[in-house]
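Asker: Basically the working numbering = 1-based index in the sequence shown + 9. Got a structure for you, written out below as structure tokens; questions coming shortly.
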Amino acid sequence: MLKIALTLVSIPLIITHLFILYFWIFDWRQLVTDVGLIVWVGSIKFGILLYLVFRIYIKTEKITILNQKLIFATTFLTILLAFFALIIEFITSSMP
């Protein structure tokens, strides 16, 4: 039962991470709104939490291992995008 619930929760999270990547590349202004930042930070926190739950409770089945790796990869990508956004913001704000 836990496996099915985690799989059903992980699919929208992965899709959210991919939408964040899309908006970061094509329309970054949507991500720097209040709602965009809440979704961005919330999806990172939820991705880390979900990855830890997968890692602790489910270790053997191939589909759950694939889900765990997908969650890790998309969460890491989203964190990396946030890091690059902060670097870009720092560089452009320090320009005269």
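Note that beta-carbon positions come from the ideal geometry of N, C-alpha and C, so glycine has one too.
Where does Asp43 fall in DSSP's three states?
Answerer: Of the three classes helix, strand and coil, the one that applies to Asp43 here is helix, per DSSP.
Asker: Taking Glu98 as part of the alpha helix (DSSP H), name the residues at either end of that continuous run.
Answerer: Judged by DSSP secondary structure, Glu98 falls within the alpha helix (DSSP H) whose first and last residues are 71-102.
Asker: So, is Ser102 buried or exposed, given that buried needs 16 or more other C-beta atoms within 10 angstroms?
Answerer: exposed
Asker: For Gln77, which residues in the same chain have their Cβ closer than 7 Å to its Cβ, ignoring the five residues on either side in sequence?
Answerer: Tyr60, Phe63, Arg64
Asker: Assuming contact is defined by CB atoms lying nearer than 8 Å, are Thr84 and His26 in contact in what I supplied?
Answerer: yes
Asker: So what does DSSP say about Ile67, is it helix, strand or coil?
Answerer: coil
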